[in-house]
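In the working numbering, the protein residues as written are -8 to 167.
Next up, the structure:
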């Protein structure tokens, strides 16, 4: 539920519990409770109020690192990542199923990539740094548009998914 709320706020920019409840087929009270929990941990924040006690919510756009991992926290994060992976696979399948109905400009601007190479750990770290720099320059500044009512004409929410990992187990004497 909370991951669905985060995805929906990324798409909509701001929304009330009532608005997201209609999209998620959940009760407004349940959505409101989950939004308050997400706010408690800094994932969403209030984006102003409307008539009466109506609260608008928006996504907090920042990356997070967790320090001091315990085995229990690692298992919990693995479970969350498994759910996220399932959601990401569903998102890709949904896109692929409907991509032929997209305007040609959007179909051509989209990317699916699967490549192989051989890297050392140091080269992989260089690639990661270059990729994160690319995100900092091109993706993260545009993420702020989620909060702005003046998005460029024709803009749509775009999801960037990346996996980058070794595909084999290293020999015991390979060192890192």
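In this text, a Cβ means the ideal position worked out from N, Cα and C, and glycines have one as well.
- The beta carbons of residue 29 and residue 84 sit no closer together than 7 Å.
- Three or more Cβ pairs closer than 8 Å define a contact, and the region 52 to 60 falls short of that threshold against the region 13 to 26.
- For residue 40, the enclosing beta strand (DSSP E) has its first and last residue at 35 to 40.
- Closest option to residue 80, judged by alpha-carbon separation, among 151, 63 and 2: 151.
- A distance below 8 Å between beta-carbons, with the five flanking residues on each side excluded, links residue 18 to the following residues of its chain, in chain order: 12.
- If you check the CB distance, residue 45 and residue 7 come in under 7 Å.
- A check of alpha carbon separations from residue 158 across -4, 109, 67 and 119 identifies 109 as the nearest.
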